[in-house]
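Read through the structure below, which is laid out as C-alpha cells, and then see the notes.
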C-alpha cells in the first residue's frame, strides 16, 4: 500500500473531490455485499464489485466529482448483475480463481440465506429495489435516482416485492 | 409489515457482516494495470486489422460509418456514427462486433425491430430505446480505446444472446 504506487496507478491526474483509493477503501465491502445480495455467489460478487470499481477508476475524474459517486458504482453493479451473459463470464473467471484464493465471505446465518434467496427469487426489478431499500437503506427517491426510473415505479416494485417476500417467507399474518 | 422489515434489516446486517474481504488498494492497482495491458493488446489487434483491411473496419453487411473530416477542414471532426440494428428473431444484434477505428465521440443509432434497447455495461448512464415502430434512437458517447459490452436491457433479451461488443482502436 505504498503511497507512490497508489498515486501512480490508482489516482487519475485530474484533481477530484476525493481520492479514488479512499473511496475504494471505504465503499468496497458494502459494494461486495450489494453484489452478494443480488447474485448469491461470493466470488461472482467480488468480481462484479472489482469490475465496477475499475470502471469508476477509469472515469474517476468525472465520477469522483459527483455528489454520490457510490450511487454510480451501485448502478454499475445492479446493471451488470442482471446481465446473465455478463455473469456467465464473471462466473467462469471466478471459477478459475477458485483453487488459489481463500473465500472472503463467511457463511451468513440460515435465516439470512433464506431471506436473500427469497429476494433473488423475485422478479429482477423487485429484487433490486428491495435490496437497495434494506441493504443500502435507501429511500424511494434515492432508489429511483440509482435505477433511473420514476419514484412511483419504485413504490410499486417495493410493494409487490414485500408482499411476495412475506408470502415466500410464510409470514401469513403480514399479507392478510 | 413490521416483522418483514425486522427480518430484512437483520438479514442485511448479517449479510454485510459476513463480507470479510479487506479492500486491497495494491491489488486494485494490479487489476487496473492488467486491464490496461489487455486493452492495449486488443487495441493493437484492432489496429493491425484496420491497417491490413483498409482505413476503416466495417463488419459484415454493417451500416456502420465512421466519419472522417475532409482534408484541410478546420472544424473539429464530427462524432463518428455507429448504426446498430436490433433483431427480434432470433434475439440478437445484427453483428457480434462493431469496430470503431479511433477514440472519441461516437453517435450510436439504434434501429431495427421494435421493443429493444441498447445499453453499454461500461456506460451505465446510456440506455437507448425501447424502440417504437420506425424509430431510430440515438445517443452520443465518448469512447476510449478498448472494448465495450453492449446488451439489450429488456429482461431476458441479453440472456437469449442479444449482446455485442464495440471495439475501439486508438486511431
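Chains as they are written, first to last, in my numbering: chain A, 72 to 247; chain B, 1245 to 1415.
Cβ atoms here follow ideal geometry from the backbone N, Cα and C, with glycine treated the same way.
Cβ-Cβ distances below 6 Å link residue 127/A to 134 and 144 in the same chain, with the five nearest sequence neighbours on each side left out; the list follows chain order. A direct Cα-Cα distance of roughly 17 Å separates residue 1391/B from residue 1327/B. Under the Cβ distance rule, residue 1248/B counts among the residues neighbouring chain A, one pair being separated by less than 8 Å. Residue-level contact check: residue 237/A touches chain B, since one or more beta carbons of chain B fall below 8 Å from its beta carbon. Within its own chain, the residues whose Cβ lies closer than 8 Å to the Cβ of residue 1382/B, once the five positions on either side in sequence are excluded, are 1351, 1352, 1353, 1354 and 1372, listed in chain order. Within chain B, not a single residue places a beta-carbon under 7 Å from that of residue 131/A; the smallest gap is close to 11 Å. Runs of alpha helix (DSSP H) with 4 or more residues, each lying fully within the stretch 163-242 of chain A, are found at 181-191, 195-205, 211-218 and 222-239, listed in chain order. The DSSP-derived three-state label of residue 122/A is helix. Looking at the DSSP output, residue 1373/B shares a beta bridge with no other residue. A Cβ-Cβ distance of about 7 Å is found for the pair residue 96/A and residue 1269/B, placing them in contact under the 8 Å criterion.
Under the DSSP assignment, residue 1379/B falls outside any alpha helix (DSSP H); it carries neither an H nor an E label. Looking at the backbone, the Cα of residue 206/A and that of residue 242/A are separated by about 20 Å.
Annotation for residue 1360/B: 1330, 1332, 1354, 1373, 1374, 1375, 1396, 1398, 1401 and 1406 place their beta carbon closer than 8 Å to its own, counting only its chain and skipping 5 residues before and after. Put simply, the CB of residue 179/A is near chain B, with a gap under 8 Å to one of its CB atoms.
Following the DSSP letters along the chain, one finds residue 1325/B inside the beta strand (DSSP E) bounded by residues 1324-1331.
Looking at 1257/B, 1247/B and 1246/B, the one whose alpha-carbon comes closest to that of residue 183/A is 1257/B.
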